[in-house]
Amino acid sequence: MLYVLISLQMDPQFIYHYRTFGEQFGVFDGSVNRAVQIVDFYRKLYYQVSGTYYMPPVHMQLILFAIIGVISGISLLSKHRHRTVIQLLLILLGINLTFILIGRYNQTSIIFIFPFAWLLVLYWIDRFRLSPVILILLIIQISVSSLTIAPYLQNHYQDYIHEISSHVPDDAKVLANLNTEFYFQKNTLYDYRNLHFLQDHDISFETYILDRDIEYIIYPEEMDFIYNRRPVWNGIYGNLYPYYDDMQRFLNDRCQVIHQFHSPYGMRIVLFQDNQHWLITIYKVVQ
19 MLYVLISLQM DPQFIYHYRT FGEQFGVFDG SVNRAVQIVD FYRKLYYQVS
69 GTYYMPPVHM QLILFAIIGV ISGISLLSKH RHRTVIQLLL ILLGINLTFI
119 LIGRYNQTSI IFIFPFAWLL VLYWIDRFRL SPVILILLII QISVSSLTIA
169 PYLQNHYQDY IHEISSHVPD DAKVLANLNT EFYFQKNTLY DYRNLHFLQD
219 HDISFETYIL DRDIEYIIYP EEMDFIYNRR PVWNGIYGNL YPYYDDMQRF
269 LNDRCQVIHQ FHSPYGMRIV LFQDNQHWLI TIYKVVQ
């Protein structure tokens, strides 16, 4: 409730905006449907199914948590119930019920599960006097994490920002991806996700750009990729179909290409980031 009040203070129309944004993710589906979706949530975590979020391999952890969960559940049937086990199970149950209540299954939500699940694992390791197992698990976890992260260390964000900063001032009004936010000054960046609402407000792409005095458009190749494979990836920016042709006409007729470069940041869908060199085009709006 506190966070809702804070959100209302920052945005008096928070409830409306939350409902509008949440509808595309099934936030207001029936309670039965939301409960069923939690199974799909864990399935996607296990198979590393994701959109723009990087999903590390958590197969071993999820299997381990499931085994410990079964052991913990069986222990509740004994006469000597363990208070710590009951408390941790109730916390984990409460977190999952919160997921169902909110109806928003975001991959990053798993961070709420892991700490308490690991505490449950450590409890049973100590209970069974298997302390050396902790060291083994730690070594495995560090090794797997290091091998997983290593390929992504080559994608330097500063190189991406340098390409942009060489041609676009940080105080210019710009339409670009949210991943450029660390470069631009406050209230200058317009995110592509906002374009999803153009049709609702009966606004053309051209009107949107000109009314906001947007000077530059940083266009990633992923927009074409998503459009050509619609509706598979509509969850990234919403449905591009209502404004895509209008946007292309504006880019061709009212804009000038001032720079092009390749970067993994030209594709936010993690599954395809390293498949090819994604093109990013910087346009200057010609008044």
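Under my numbering, the first residue of the sequence shown carries the number 19, and numbering increases by one thereafter.
Glycine is no exception: its CB is placed at the ideal position from the N, C-alpha and C atoms.
Quick caveat, the model's predicted, so the values are computed rather than measured.
**Item:** Where residue 62 sits in the DSSP three-state scheme
**Value:** Note: residue 62 maps to helix in three-state DSSP.
Practice prompt. Hey, could you find the ends of the beta strand (DSSP E) residue 295 is sitting in?
Written response: From DSSP, residue 295 is part of no beta strand (DSSP E); its letter is neither H nor E.
*If you draw a straight line from the alpha carbon of residue 132 to that of residue 187, how long is it in whole angstroms?*
In a straight line, the C-alpha of residue 132 is about 42 Å away from that of residue 187.
Margin query: If distances are taken between C-alpha atoms only, which option among 100, 80, 191 and 240 comes closest to residue 297?
Written below: Closest option to residue 297, Cα to Cα, is 240.
Review point. Considering only residues of the same chain and omitting the five flanking positions on each side of residue 193, which have a CB-CB separation below 6 Å?
Key: So the qualifying residues of the chain are 208, 232 and 235.
- [ ] Check whether the Cβ atoms of residue 217 and residue 260 sit closer than 9 Å, and answer yes or no.
- [x] Against a cut-off of 9 Å, the Cβ pair of residue 260 and residue 217 comes out as a contact.
### Euclidean distance between Cα positions of residue 100 and residue 152
Between residue 100 and residue 152, the C-alpha separation is close to 21 Å.
(message) What does the alpha-carbon distance come out to for the pair residue 79 and residue 302?
(response) About 48 Å.
Query - Delimiting residues of the beta strand (DSSP E) encompassing residue 209 - result: Here the beta strand (DSSP E) through residue 209 covers 207-209.
Apply the 10 Å Cβ neighbour rule to residue 103 and answer buried if 16 or more other Cβ atoms are within range, or exposed otherwise. That one is buried.
### Query
Looking only at C-alpha atoms, which of 177, 227, 72 and 213 sits nearest to residue 167?
Sorting 177, 227, 72 and 213 by C-alpha distance to the C-alpha of residue 167 places 72 at the top.
Quiz prompt | residue 258 and residue 213 closer than 9 Å at C-beta | solution = Their beta carbons are under 9 Å apart, which means residue 258 touches residue 213 by this criterion.
*Using the beta-carbon count (16 or more within 10 Å), is residue 139 buried or exposed?*
Buried, because 16 or more other Cβ atoms sit within 10 Å of the Cβ of residue 139.
#### Entry: Whole-angstrom C-beta distance between residue 63 and residue 125, which should lie under 8 Å
Between residue 63 and residue 125 the Cβ distance is about 7 Å, and since that is below 8 Å, they are a contact.
| request: Use the C-beta contact count for residue 200: other C-beta atoms within 10 angstroms, 16 or more gives buried, fewer gives exposed. | output: When all chains shown are included, residue 200 counts as exposed.
### Message
Quick check: what's the CA-CA separation for residue 159 versus residue 292?
### Response
Distance between the alpha carbons of residue 159 and residue 292 is about 24 Å.
**Prompt:** Would the beta-carbon of residue 95 fall within 9 Å of that of residue 134?
**Reply:** Contact flag unset, no.
Minimum C-alpha distance to residue 145 - residue among 198, 268, 89 and 203: Per the C-alpha coordinates, the member of 198, 268, 89 and 203 positioned closest to residue 145 is 89.
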